[in-house]
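What follows is a short report on a single structure.
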Amino acid sequence: MSIDRKSDLFQEQNHEELEFEPSAHHPSAPAHESFDISTTVDPSYVIALIRKLLPLDVKDGEKDALELDKGPKIKELEEHAVNLSENEGEVEAMDTAHNIGELDNKAAIDEELQCHHDKHQGGMVGEETWEECGCILWDLATSEDHAEFMVQNLILDVLLATLMVSQSPRITEISLGIIGNLACHETSRKQIASTNGLIKVIVDQLFLDDVPCLCEACRSITLCLQGGEGVVWAETLQNEQVISRILWIADNTLNLQLIEKSVGLLLATLESQKEVADVLLPPLMKLGLSGILINLFASEMSILTGERTPERYAVLDLILRTIEALSVVDGYSQQLCQNKELFQLLNELVKLPDKIEVANSCVTAAVLIANILTDAVDLASDLSQDPNFLQGIFDIYPLASSDVDARSALWSIIARLLSRVQESEMSPSNLHLFAAIFATKVDLIEDELLDHELDDVEQESTTRGTKANARRIALKRIFNILTQWKILEDNGKKVSKEENYINEEDVDKLLNICHKKWGHA
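Read in the numbering used here, the sequence shown has 1403 at position 36, and its numbers run on one by one without any break.
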């Protein structure tokens, strides 16, 4: 995460690679002490920053003050910190594999970072100094090379110690933020999972009441769940007290960012490895996951249909993606299919007159509706009598132009709806409404069929056959409805509605497309 508050201590690096020539006063470090990672930042500077994050009890070697279960790395960290302290804060010059950065300024850096030390002997280094150093490391952790270098220099052990003693929400937030950025990289993410006690300490931060800390905790856990070590995290998260807390946060917070991060965590449980979902879904569903997601959806729809708030669009889409992911999980989809409130909300979203601002949400809603209709076929009968819903579905096509699966879902919905319609039993007014919708979408349908011809070339035969069958059914039903409308027109049973004027040339063109494309089979 990029932090707005930048430290004046952050040294700008020369854009040209500097060649470091060791002198007699500064000999190169032995090969076994040289760093094997290429960075664009002076390594001694990074080490100095990490040192400043140490709780003073550890840094000064007062081992009895911290009640830590000290493993080998903590002991190594303490010994290294004591040695550095005895050397009056100097860091030995170490050469990198590519001789990058000059190390002569390390003493000045260390002196500057130490400026508040004497004022804060009670526990942590001065919070202002800690924040400056932490924010720099937070930014540096976005780089994979920097992240790996930081992990090799025990930053995870430093952050673990910090989280165990910190009383400052800001320090906790920054610590979690650094961990979150480290978790973006596979190598450091594995190290997070293997650092003894760190997973539990991070999960424990979910019980804080500070919003920024909760956001960073959710973000870190989300990233780690999506890695190869996700099951290890899931085993810690499956405790009902933890699950209840996550759901409570999502359901009760009014903070937009925290809604996004907590729902993102719930989505990660569904989109990660199957083993993660197997561990976490049972307690999540038991404690009301589906109901909470629908409540969140209802809340966002209430805002959307009132005064639109652009910054909330991403949250709406995230909620819908989570519901959609749940709708395809065997054993749990029925809870969604049987929920009338959910289906009504989806109906409202599809019928929105201006969809462009919430395009992603509308596309996700269409996929979700297609999934629901697969299990709850009776719902299609009610929707088939609603021309406005059909119009809304067609309006989503341009929004899904780059999503083959979404377009196939739209064809599936149309096929299911029109299969419930008997054109010979439709009233003239309804028949006219349906014909008007089809006629105005003739160019869209033509383009869609051309696009699908290209898509089908790359699809496997089984998948291609299933998708083509839905399109074939939909086009056949469109052909039959338009044919019935023309019969009524020819018999003089016209419906005069200026707002639903039908261009007969468009009707003829669409009839020809249907017949030519599928042979009206």
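Ideal Cβ positions, reconstructed from N, Cα and C, are used throughout, including at glycine.
query, result
"Pick helix, strand or coil for residue 1793, following the three-state DSSP scheme.", "coil"
"At which residue ranges does the segment 1651–1676 contain complete alpha helix (DSSP H) runs of 4 or more residues, listed in the order of the chain?", "1656–1671"
"Using the rule of at least 16 other Cβ atoms within 10 Å of the residue's Cβ for burial, across every protein chain shown, is residue 1748 buried or exposed?", "exposed"
"Taking a contact to mean a Cβ-Cβ separation below 8 Å, would you say residue 1555 touches residue 1515 in this structure?", "yes"
"Name the two residues that bound the continuous alpha helix (DSSP H) containing residue 1520.", "Neither: residue 1520 is in no alpha helix (DSSP H) and is coded neither H nor E."
"For residue 1733, which residues of its own chain have a beta-carbon under 8 Å away from its beta-carbon, when the five flanking residues on both sides are left out?", "1717, 1760, 1763, 1767, 1773, 1776, 1777 and 1780"
"Can you tell me which of the three DSSP states residue 1858 falls into?", "coil"
"Relative to the ligand ADP, is the shortest distance from any of its heavy atoms to the C-beta of residue 1856 smaller than 7 Å?", "As presented, the structure is devoid of all ligands, the ligand ADP included, so that no description of it is given."
"Using the C-alpha atoms, what's the distance from residue 1520 back to residue 1569?", "20 Å"
"Work out the CA separation of residue 1607 and residue 1896 for me, nearest whole Å.", "Because the chain in this structure spans residues 1368 to 1888, residue 1896 falls outside the shown range and cannot be described."
"Determine the direct distance from the alpha carbon of residue 1698 to that of residue 1805, and round the result to whole angstroms.", "38 Å"
"Have a look at residue 1899 and residue 1786 and give me their C-alpha separation to the nearest angstrom.", "A question about residue 1899 goes unanswered here, because the residues of the chain that appear run from 1368 up to 1888."
"Taking only the alpha-carbon atoms, compute the straight-line gap between residue 1727 and residue 1668 and give it to the nearest angstrom.", "14 Å"
"If residue 1626 and residue 1617 are in contact, beta carbons under 8 Å, what's the gap, nearest whole angstrom?", "7 Å"
"List, from N- to C-terminal side, the alpha helix (DSSP H) runs of 4 residues or more that fit wholly inside the segment 1502–1579.", "1511–1519, 1522–1532, 1536–1549, 1553–1561 and 1565–1571"
"Do residue 1559 and residue 1603 have their C-beta atoms within less than 8 Å of each other?", "no"
"When we look at the beta-carbon of residue 1498 and count the other beta-carbons within 10 Å, is it buried (16 or more) or exposed?", "buried"
"How many Å lie between residue 1708 and residue 1418 at the Cα?", "54 Å"
"To the nearest angstrom, report how far apart residue 1557 and residue 1585 are at their CA atoms.", "18 Å"
"Mapping the DSSP letters down to three states, classify residue 1874 as helix, strand or coil.", "helix"
"Kindly indicate the opening and closing residues of the alpha helix (DSSP H) around residue 1703.", "1700–1704"
"Give the C-beta separation of residue 1501 and residue 1546 to the nearest angstrom, bearing in mind that I take them to be a contact with Cβ-Cβ under 8 Å.", "Rounded, the Cβ-Cβ distance is 11 Å, inconsistent with contact."
"What's the C-alpha gap between residue 1420 and residue 1503?", "11 Å"
"Should residue 1881 be labelled buried (16 or more other beta-carbon atoms within 10 Å of its own) or exposed?", "buried"
"By the 10 Å Cβ neighbour count, where 16 or more other Cβ atoms means buried, how is residue 1868 classified, buried or exposed?", "exposed"
"Quick check on the DSSP output: the alpha helix (DSSP H) that includes residue 1410 runs from which residue to which?", "1410–1419"
"Using a Cβ-Cβ cutoff of less than 7 Å, which residues in the same chain neighbour residue 1529 once the five nearest sequence positions on both sides are dropped?", "1420, 1422, 1538 and 1542"
"Pick out whichever of 1848, 1794 and 1657 has its Cα sitting closest to the Cα of residue 1702.", "1657"
"Quick check on DSSP: helix, strand or coil for residue 1692?", "helix"
"For residue 1724 versus residue 1677, is the C-beta spacing smaller than 8 Å?", "yes"
"Which two residues bound the contiguous alpha helix (DSSP H) that contains residue 1608?", "1607–1619"
"Rounding to the nearest angstrom, what Cα-Cα distance links residue 1829 and residue 1783 in this structure?", "A caution first: residue 1829 carries a pLDDT of 44, below 50, which makes its placement in the model too unreliable to give a value."
"Going by DSSP, what residue range makes up the alpha helix (DSSP H) through residue 1627?", "1623–1638"
"What is the DSSP secondary structure of residue 1722, reduced to helix, strand or coil?", "coil"
"Go to residue 1772, then tell me how far its alpha helix (DSSP H) extends in each direction, as first and last residue.", "1771–1786"
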